[in-house]
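Notes follow once the structure below has been shown.
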Amino acid sequence: MTIWSRSRKAARLPQELLDAIVDCVASKGDKCTLRTCNATSWLFRPRAQKRLFEDIQLVVDDNVLKRMENLRQLLDSNPALLKQMHSFKVSVRGVGNLVPLLRWLKIGRESPGLLSVLWDLKAWLKAENSFLWLLHTISATRVEKFSFVLEEAYLNWTSLNDETQNLFLSLQSSSRVKRLQFVNIINVPPSITSEG
Numbered sequence: 002m003t004i005w006s007r008s009r010k011a012a013r014l015p016q017e018l019l020d021a022i023v024d025c026v027a028s029k030g031d032k033c034t035l036r037t038c039n040a041t042s043w044l045f046r047p048r049a050q051k052r053l054f055e056d057i058q059l060v061v062d063d064n065v066l067k068r069m070e071n072l073r074q075l076l077d078s079n080p081a082l083l084k085q086m087h088s089f090k091v092s093v094r095g096v097g098n099l100v101p102l103l104r105w106l107k108i109g110r111e112s113p114g115l116l117s118v119l120w121d122l123k124a125w126l127k128a129e130n131s132f133l134w135l136l137h138t139i140s141a142t143r144v145e146k147f148s149f150v151l152e153e154a155y156l157n158w159t160s161l162n163d164e165t166q167n168l169f170l171s172l173q174s175s176s177r178v179k180r181l182q183f184v185n186i187i188n189v190p191p192s193i194t195s196e197g
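Using our numbering, count along the sequence shown one by one with no gaps and you end on 197.
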């Protein structure tokens, strides 16, 4: 019997070395390569998923509802990924992305004028559910830092509906969330901004 006909076990690198490779990729901020590592081999998957989900940034733009629904489906199908999250940032870049943000936060549904014209009831209902789901999910996980950042625009806290305000307040009082950050949101109550 020749050597080629025998079943041979493939050489395997130590798991510590594979984890170090994934950590090196993660330190460079290369999410694309991390996703490739995740899909390449089950040997890379645990460390790649840990690194992919430890710091999540959700950019609010015209596609935020689709991305939120994809994230929701992924986390619903694999709840273990929630344990990997350490920080979650919602980022609104540019004034042009305020309309999707406003839809998502369900601001202005009772407002007369231009804002009420912008509302699509179906999108509003979907947005309301996805944003509230996000806040509920984060408050139940080990997320240590939650950031809500508006770049180039301002939002008044009082324009948020009561349920959204209460969920933000519950995040602030959660023993898991160590840092709650609001950027360019005005009239935030002192109780939510004070360090506990």
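Virtual Cβ for every residue (Gly too), placed ideally from N, Cα, C.
Task: Residue(s) in a DSSP beta bridge with N157 - done: I187
Open item on the list: Between L83, Y155, R48, which has its C-alpha nearest D20's C-alpha?
Closed with: R48
- [ ] Please work out which residues of its chain come closer than 8 angstroms, Cβ to Cβ, to Y155, disregarding the five sequence neighbours upstream and downstream, and give them in chain order.
- [x] N185, I186, I187
Task: Local conformation of L59 per DSSP, three classes - done: strand
Task: Sequence-distant residues of its chain with Cβ nearer than 6 angstroms to T34 (five each side left out) - done: V26
Task: Which listed residue (R52, Q16, Q85) has its alpha carbon closest to that of R143 - done: Q85
TODO: Could you check which residue in E152, Q182, S88, V189 has the C-alpha nearest to that of D62?
DONE: E152
Open item on the list: Assuming the contact rule is C-beta atoms closer than 8 angstroms, L59 and V91 should be a hit. Round their C-beta distance to whole Å, please.
Closed with: 5 angstroms
Task: Which of helix, strand or coil DSSP assigns to E17 - done: helix
Task: Inter-residue Cα distance where the pair is S140 and L181 - done: 11 angstroms
Open item on the list: I need the boundaries of the alpha helix (DSSP H) containing E152, first residue and last residue.
Closed with: For E152, no alpha helix (DSSP H) encloses it; the enclosing beta strand (DSSP E) starts and ends at 146-152.
Task: R177, buried or exposed, once every other Cβ within 10 Å from all chains shown has been counted against 16 - done: exposed
- [ ] Report the three-state DSSP secondary structure of F45 (helix, strand or coil).
- [x] coil
Open item on the list: Given this structure, state the Cα-to-Cα distance separating Q50 from L82, to the nearest angstrom.
Closed with: Rounded to whole angstroms, Q50 and L82 show a C-alpha spacing of 7 angstroms.
Open item on the list: According to DSSP, simplified to helix, strand and coil, what is V23?
Closed with: V23: helix per DSSP, three-state reduction.
Task: Limits of the alpha helix (DSSP H) - the one that R73 falls within - done: 65-78
Open item on the list: If you follow the alpha helix (DSSP H) that Q173 is in, where does it begin and where does it stop?
Closed with: According to the DSSP assignment, Q173 belongs to the alpha helix (DSSP H) that extends over 163-174.
Open item on the list: Helix, strand or coil, according to DSSP, for K90 in the structure here?
Closed with: strand
- [ ] Confirm, please, whether the CB-CB distance from F89 to F147 is below 9 angstroms.
- [x] yes
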